[in-house]
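Residue numbers (our numbering): 117 to 435.
Note that CB positions come from ideal geometry on N, CA and C, so glycine has one too.
Bear in mind that the values here come from a model prediction, so they are computed numbers and not experimental data.
Take a look at the structure set out below.
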Amino acid sequence: MVRLNFEDPAALRAVVGEQGANLRLLEREVGVKLRLRGNQLTIQGSEERSGQAANLLMELYEMARRRELSPDDLGQVLSLWRSGHSSRDYLNEVITLSARHRPITPRSPAQKEYVDAIRSHDVVVGIGPAGTGKTYLAMAMAVAYLARNMVDRIILTRPAVEAGERLGFLPGDIQEKANPYLRPLYDALHDMMDFDRAARLMERGVIEVAPLAFMRGRTLNDAFIILDEAQNTTSEQMKMFLTRLGFNSKMVITGDVTQIDLPPDRPSGLVEIQHVLRDVEGVRFVYFSERDVVRHPLVQEIVRAYERSEAEGAARRTP
């Protein structure tokens with residue numbers, strides 16, 4: 117039996133959760149019994165499990181004393197614990213605050229590696245499935261760099277290719293045609309800052325959201341540049357984009373090589389640069405897996421199901 121005493125009642129309430137929901141989840145996941153009386157929590161279970169539960173509870177408590185706990189913090193603490201990691205190395209590192217003043221932090225070993233790589237390298241390539249935080253964390257880092265005057269502007273871009281559609285089939289001028297393809301970048305941006313502030317910065321040219329074609333012929337100095345959905349760049353587009361890098365700039369390229377929408381005869385620039393740039397100093401590749409998915413828990417299961425299906429299909433095709 118282990119007894120923990122907590123001095124901060126507000127932090128303890130956050131740890132306990134609404135009507136004890138967090139304690140019930142910890143009991144199920146760790147295999148212990150938790151009893152709360154006043155400011156004391158009693159843990160009943162094996163010595164090993166009780167010790168693990170105590171560590172998890174103290175991690176949550178320390179976090180709650182520093183900042184407001186978000187609804188998914190406990191899930192991330194448990195996910196890190198299952199993979200043999202401590203949340204102290206991840207969830208306490210706040211990159212910036214979201215528009216709703218929630219802390220944005222790396223939530224897995226790969227996300228931590230990614231954030232550290234962005235700090236230390238001029239070009240970072242994040243490759244992995246949807247929901248792993250590639251674009252979201254890059255956007256958070258861009259906003260943090262802008263807020264600290266480490267760059268003068270943010271440039272967000274995507275190739276305008278999606279599931280066989282082409283810009284010519286959409287109404288409007290080129291910017292209006294491109295806007296539906298750029299919507300995920302706007303969504304991520306508005307998660308980081310309120311709509312009015314983002315609009316003002318875009319009017320002043322401090323933040324630019326544009327299709328990849330608009331990057332041609334430019335040199336981008338003092339900028340944080342994010343290329344999203346890079347699996348849909350051609351080899352020529354990728355080379356064009358990479359050579360836009362200017363002085364005092366960061367470039368982050370994100371994509372999922374399992375979701376390429378290019379015609380079969382057009383090789384993906386994202387696939388190609390893994391070979392072309394693998395030995396170039398200053399370029400860092402970070403790979404994500406379904407373990408890094410931080411969307412709804414069902415998204416992680418969907419990613420796993422597709423990976424199993426693809427592996428089974430490949431096995432059937434192998435003679």
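Measure the CB-CB distance between residue i and residue j and report whether it falls below 7 angstroms.
i: Asn138; j: Leu173; result: no
i: Thr349; j: Gly321; result: no
i: Ile389; j: Met356; result: no
i: Leu301; j: Ala314; result: no
i: Gly242; j: Tyr252; result: no
i: Arg274; j: Leu298; result: yes
i: Ala226; j: Arg269; result: no
i: Gln160; j: Val146; result: no
i: Glu406; j: Val392; result: no
i: Thr374; j: Lys250; result: no
i: Ser351; j: Pro383; result: yes
What do you reckon, is the C-beta of residue i under 6 angstroms from a heavy atom of the ligand HEM?
i: Ile369; result: Looking for the ligand HEM in the displayed structure turns up nothing, as the structure carries no ligands at all.
Check each candidate in the options and name the one with the smallest Cα separation from residue i.
i: Ile341; options: Gly333, Leu213, Val368, Gly200; result: Val368
i: Val240; options: Leu343, Arg407, Glu134; result: Leu343
i: Ile376; options: Leu358, Asp232, Leu262, Ala346; result: Ala346
i: Val221; options: Glu163, Asp188, Met266, Arg332; result: In the sequence as displayed, the identity of residue 221 is Thr instead of Val. The shortest Cα separation from Thr221 among Glu163, Asp188, Met266, Arg332 belongs to Asp188.
i: His217; options: Ser186, Ser202, Glu209; result: Ser186
i: Asn121; options: Phe311, Arg420, Lys250, Leu152; result: Leu152
i: His201; options: Ser236, Pro383, Arg223, Asp124; result: Arg223
i: Ser236; options: Ser425, Ala431, Gly398, Ala427; result: Gly398
i: Ala127; options: Thr359, Phe401, Glu178, Arg400; result: Glu178
i: Leu196; options: Lys228, Ala427, Arg165; result: Lys228
i: Lys366; options: Leu262, Ala329, Glu423, Ala430; result: Leu262
i: Val396; options: Glu426, Ala427, Leu358; result: Leu358
i: Glu163; options: Ala256, Asp124, Met117; result: Met117
i: Arg154; options: Ser166, Ala427, Asp124; result: The question names Arg, but residue 154 in the sequence shown is Gly. When each option's Cα is compared against that of Gly154, the closest is Asp124.
i: Val325; options: Asp310, Arg433, Met255, Ala427; result: Met255
Give the C-beta separation of residue i and residue j to the nearest angstrom, bearing in mind that I take them to be a contact with Cβ-Cβ under 8 angstroms.
i: Ala258; j: Asp372; result: With 8 angstroms as the limit, Ala258 and Asp372 do not qualify as a contact, their Cβ atoms being about 20 angstroms apart.
i: Val193; j: Leu176; result: 6 angstroms
i: Thr212; j: Asp408; result: Not a contact, Cβ separation roughly 19 angstroms.
i: Ala170; j: Ala130; result: Not a contact, Cβ separation roughly 17 angstroms.
i: Asp238; j: Leu361; result: 7 angstroms
i: Ile234; j: Leu336; result: 16 angstroms between Cβ atoms; not a contact.
i: Phe404; j: Gly244; result: 3 angstroms
Tell me which residues share the same chain as residue i and place their Cβ nearer than 7 angstroms to its Cβ, disregarding the 5 neighbours each side in the sequence.
i: Ala260; result: Ile211, Thr212
i: Ser214; result: Ile220, Asp307, Met308
i: Leu141; result: Leu190
i: Arg204; result: Glu175
i: Arg165; result: Val146, Gly147, Val148
i: Glu423; result: Glu406
Considering only residues of the same chain and omitting the five flanking positions on each side of residue i, which have a CB-CB separation below 6 angstroms?
i: Gly133; result: none
i: Val402; result: Glu229, Tyr230, Ala233, Gly242
i: Thr158; result: Arg119, Arg151
i: Ala421; result: none
i: Leu317; result: Ile323
i: Ser199; result: none
i: Val466; result: A question about residue 466 goes unanswered here, because the residues of the chain that appear run from 117 up to 435.
Give me, in chain order, the residues of the same chain whose beta-carbon lies closer than 8 angstroms to that of residue i; leave out the 5 immediate sequence neighbours on both sides.
i: Gln156; result: Arg119, Leu120, Asn121, Phe122
i: Gly280; result: Residue placement at Gly280 is flagged as unreliable, the pLDDT there being 41, under the threshold of 50; the coordinate-derived value follows with that caveat. If we look at Gly280 and ignore the five residues flanking it on each side, its Cβ neighbours are Asp377.
i: Ser183; result: The sequence shown places Arg at residue 183, rather than the Ser named in the question. Here the set comprises Val210, Pro219.
i: Arg394; result: Phe401
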